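A.B. asks: Structure incoming, see below.
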Amino acid sequence: MTQSYSRPEDADRRIPGDGPEPGGTHLPPPRMPRTWRRRWLPAVWPSRRVRFADVAAPRPLDRPRTRMTLLIAVAVLLGSGLWLLRWSGSAATATPDTFWYARDALRYAGWSAPAADRGAAEITCDALMRGTPRPAGSRADCVEYRTALPGVAPDRFQRIFTSRPGYPLLTAPFVRMMGLSGVAAGTAALGVACGVAAVLLALAIGLRPVQALAAEALFYLLPTGFWASRLLAEAPMLLCVTAALAGAVLVLRGRAVIAGSALLACALALLCVVKPANGVALAAALAAGAVLLLPVFASRRTFLAVAGVAAVVLVGNLWISSALHLPGVHETLQDTFTRHFRHPDVPDPWHRLSDAAGDLWSGDIGPAMLENPLIPAAFLFAAAGLVARVRWDAAWPLAAAGLTGAAVASMHPLVDEMPRLAVAAWIPVAFGLAALTAPAAAERLDEPVAARPRRVEAETADLTPGR
3 MTQSYSRPED
13 ADRRIPGDGP
23 EPGGTHLPPP
33 RMPRTWRRRW
43 LPAVWPSRRV
53 RFADVAAPRP
63 LDRPRTRMTL
73 LIAVAVLLGS
83 GLWLLRWSGS
93 AATATPDTFW
103 YARDALRYAG
113 WSAPAADRGA
123 AEITCDALMR
133 GTPRPAGSRA
143 DCVEYRTALP
153 GVAPDRFQRI
163 FTSRPGYPLL
173 TAPFVRMMGL
183 SGVAAGTAAL
193 GVACGVAAVL
203 LALAIGLRPV
213 QALAAEALFY
223 LLPTGFWASR
233 LLAEAPMLLC
243 VTAALAGAVL
253 VLRGRAVIAG
263 SALLACALAL
273 LCVVKPANGV
283 ALAAALAAGA
293 VLLLPVFASR
303 RTFLAVAGVA
313 AVVLVGNLWI
323 SSALHLPGVH
333 ETLQDTFTRH
343 FRHPDVPDPW
353 HRLSDAAGDL
363 WSGDIGPAML
373 ENPLIPAAFL
383 FAAAGLVARV
393 RWDAAWPLAA
403 AGLTGAAVAS
413 MHPLVDEMPR
423 LAVAAWIPVA
433 FGLAALTAPA
443 AAERLDEPVA
453 ARPRRVEAET
463 ADLTPGR
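Given below as structure tokens:
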């Protein structure tokens, strides 16, 4: 700081306490790395061009809540645009399973059984007719055939869909407000929510906002975004998986153990209601992974918390399914091997499963990866990004979620359904590829940074000339 004097002979005299020599009281603090987790607060040492009375007034974008709100708004806009891009493709936005989900959604919204059957048939046939290739016959033939399905389809097959009411219940409020188009509107809301959850998960594992938005974009461009835009239960399933992973990462890193545990428990429970196969697989993978990695990491309490929450949800789901006699794995296998219960039950479904799963991996998945080398390359680069740029205690839950996609596809060895059943395997790919764009050596994204003080008090007494 410079000071003007009334006498010319005192112009070169230095006031004690002014400047960087020992004894000064206005030395600027050491520079700290700029990371996302640092509290964006006013600088402790103000610029000479700023008056001291204005130092304690933060700018609007310096507030963490404002920055987070702005980031979520950008994520919503980006997710909406990319979801519409995937929705407007040439592929059909529905499959034959859409009829059963839409029928339950209309019934939950208060429609009568005949009206729900007719409305679900119209939703499914309209979506099928807009895609390529189009089904044989006219739209009227399609509607008539699907309207009569509840009366001819086996009850055991229909119970598989009525035992997973999560997706219809989430879209029922949109149906009450918008009618038949509410199914698509509810699916769109769930699909955009997947993008926001992807951004929050990316921030939780240590990525910066730019990399978090890149992870969201990759989420929509990969098969996860395609299936999140179909009129199926994949959109809420991917949302629940992403939310459960965010809760697990928060617990493992010890940042919000109680809130993270609650988020993990609620997401896993809802996942078991949306798609029980994925819910059981993810809960078992998180519980087993936390127990196996317990001796490796020092924070054993957090690993025990994740294992405990996942085990409680897993046991609770199995107990409720047994008490209510809901369709389980055995019933799903019979559905697979009897062509939706059109043939008698097979006596050895587990032996048939092992043979069919082996044929699926060796005869279909393996040759498909060799014909399209971009698929294995994406998985390899994603694994490199998770290992090199993300802390291990935050990376292994994503890898476990990816393995559940392979497990669910192996439990349903259907070649035509394999891309949809294995969609969870692409979740760690989006975050691993986004992590590759993060800086490597300058500063680690996952190291905590001490927060600066909230209030800056200027010592005006030291600024007074002559003191």
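Heads up, the sequence shown is in my numbering, so the first residue is 3 and it goes up one at a time.
Don't be surprised by glycine CBs; every beta carbon is placed ideally from N, CA and C.
What you are looking at is a predicted structure, and each value in this text was computed from that prediction instead of being measured.
1) Do you know whose CA, among TRP229, LEU234, LEU224, ALA204, lies nearest LEU252's CA?
2) With DSSP run on the structure shown, which of helix, strand or coil describes VAL392?
3) Do ALA237 and GLY168 have their C-beta atoms within less than 8 Å of each other?
4) Mark ALA285 as exposed unless 16 or more other C-beta atoms lie within 10 angstroms of its C-beta, in which case mark it buried.
5) Identify whether ASP357 lies in helix, strand or coil by the three-state DSSP scheme.
6) Taking contact to mean 3 or more Cβ pairs, one atom from each stretch, closer than 8 Å, check whether the region 311-322 and the region 414-429 are in contact.
7) Where does VAL331 fall in DSSP's three states?
8) Take every Cβ of the region 219-227, pair it with every Cβ of the region 401-413, and state whether three or more of those distances are shorter than 8 Å.
9) Quick test of your reading: THR304 and GLY249, contact by CB under 8 Å. State the CB separation rounded to the nearest angstrom.
10) Quick check: what's the CA-CA separation for ARG69 versus VAL78?
11) If the criterion is Cβ atoms closer than 8 Å, does the pair VAL201 and CYS242 meet it?
12) In terms of residue numbering, what span does the alpha helix (DSSP H) encompassing LEU220 cover?
13) Does the beta-carbon of GLY434 have 16 or more other beta-carbons within 10 angstroms, so that it is buried, or is it exposed?
14) Does VAL78 have its Cβ less than 8 Å from a Cβ in chain D?
15) Let me check understanding here. Comparing Cα to Cα, which of ARG158, PRO66, ILE207 lies closest to LEU254?
16) Taking the alpha carbon of CYS196 as the reference point, which residue from SER364, LEU240, LEU270, ALA129 has its own alpha carbon closest?
17) Please work out which residues of its chain come closer than 8 Å, Cβ to Cβ, to TRP85, disregarding the five sequence neighbours upstream and downstream, and give them in chain order.
18) Starting from ALA313, trace the alpha helix (DSSP H) in both directions and tell me its first and last residue.
19) Exposed or buried, which one is ALA412 when buried takes at least 16 other CB atoms within 10 Å?
20) Tell me whether the beta-carbon of GLY121 lies closer than 8 Å to the beta-carbon of LEU108.
21) Please state whether DSSP places GLY407 in a helix, a strand or coil.
22) Could you have a look at THR466 and say whether DSSP puts it in helix, strand or coil?
23) Under a three-way DSSP split, which group does ALA380 fall into?
24) Let me confirm a value: SER92 is counted as buried when at least 16 other C-beta atoms fall within 10 Å, else exposed. Which label applies?
25) Using CA coordinates, which residue listed in LEU233, ASP128, THR126, VAL410 is at the minimum distance from TRP363?
26) Is the CB-CB distance between LEU382 and ALA401 below 8 Å?
27) Going by CA-CA distance only, name the one from VAL212, PRO415, ALA390, ARG88 that's closest to LEU224.
28) For the alpha helix (DSSP H) containing VAL425, name the first residue and the last one.
29) List the whole-angstrom C-beta distance separating ARG158 from PHE299, where the pair is believed to meet the contact cut-off of C-beta under 8 Å.
30) Kindly indicate which residue of THR71, ALA115, THR100, SER165 has the alpha-carbon position closest to the one of SER324.
31) Please report the residue range of the alpha helix (DSSP H) in which ALA75 lies.
32) Given GLY281, which residues of its chain have a CB within under 7 Å of its CB, disregarding the five upstream and five downstream residues?
33) Within the continuous alpha helix (DSSP H) that includes PRO175, where are the two ends?
34) I'd like the list of long-range same chain contacts for ALA123, defined as Cβ closer than 6 Å, with 5 residues on each side in sequence excluded.
35) For ARG161 and PRO329, which I take to be in contact (beta-carbon distance under 8 Å), what is that distance rounded to the nearest angstrom?
C.D. replies: Straight from the coordinates:
1) Out of TRP229, LEU234, LEU224, ALA204, ALA204 has the C-alpha closest to the C-alpha of LEU252.
2) DSSP, reduced to helix, strand and coil, places VAL392 outside both helices and strands of the structure shown, so it counts as coil.
3) ALA237 places its beta carbon 8 Å or farther from that of GLY168.
4) Burial call: buried.
5) Of the three classes helix, strand and coil, the one that applies to ASP357 here is helix, per DSSP.
6) Contact between the region 311-322 and the region 414-429 is absent, because fewer than three Cβ pairs lie under 8 Å.
7) Helix at VAL331.
8) Short answer: they don't touch.
9) Contact between THR304 and GLY249 fails: their C-beta atoms lie close to 12 Å from each other, not under 8 Å.
10) In this structure, the CA atom of ARG69 is about 14 Å from the CA atom of VAL78.
11) No, the Cβ-Cβ distance between VAL201 and CYS242 is not below 8 Å.
12) LEU220 -> alpha helix (DSSP H) spans 211-223.
13) Buried, because 16 or more other Cβ atoms sit within 10 Å of the Cβ of GLY434.
14) In the displayed structure, chain D is absent; only one protein chain is listed.
15) Of the listed residues, the one whose Cα sits closest to LEU254 is ILE207.
16) With distances taken between Cα atoms, CYS196 lies closest to LEU240.
17) Within its own chain, the residues whose Cβ lies closer than 8 Å to the Cβ of TRP85, once the five positions on either side in sequence are excluded, are ALA190, GLY193, VAL194, GLY197, TYR222, GLY227, ALA230, SER231, listed in chain order.
18) Here the alpha helix (DSSP H) through ALA313 covers 302-326.
19) In the sequence on display, residue 412 carries Ser and not Ala. With 16 or more Cβ atoms within 10 Å of its Cβ, SER412 is classed as buried.
20) For GLY121 and LEU108, yes; Cβs fall inside 8 Å.
21) Looking at GLY407 - three-state DSSP - the assignment turns out to be helix.
22) Note that THR466 scores a pLDDT of 40, beneath 50, so its modelled location is shaky; the value from the coordinates is reported in the next line. THR466 falls in the coil class under three-state DSSP.
23) Judged by DSSP in its simplified three-state form, ALA380 adopts helix.
24) Exposed, by the Cβ-count rule.
25) Comparing Cα-Cα distances from TRP363 to each of LEU233, ASP128, THR126, VAL410, the minimum goes to VAL410.
26) No, these two residues do not count as a Cβ contact at 8 Å.
27) Closest in alpha carbon position to LEU224, among VAL212, PRO415, ALA390, ARG88, is ARG88.
28) For VAL425, no alpha helix (DSSP H) encloses it, and the DSSP letter there is neither H nor E.
29) Between PHE299 and ARG158 the Cβ distance is about 45 Å, and since that is not below 8 Å, they are no contact.
30) When the alpha-carbon of SER324 is set against those of THR71, ALA115, THR100, SER165, the nearest one is in SER165.
31) Element bounds for ALA75: 66-89.
32) These residues qualify, in order along the chain: LEU270, LEU273, CYS274, ASN319.
33) Boundaries of the alpha helix (DSSP H) harbouring PRO175: 168-180, taken from the DSSP string.
34) Within the same chain, and ignoring the five residues on either side of ALA123 in sequence, the residues whose Cβ sits closer than 6 Å to its Cβ are VAL145, ARG148, THR149.
35) A Cβ-Cβ separation of about 6 Å places ARG161 in contact with PRO329 under the 8 Å criterion.
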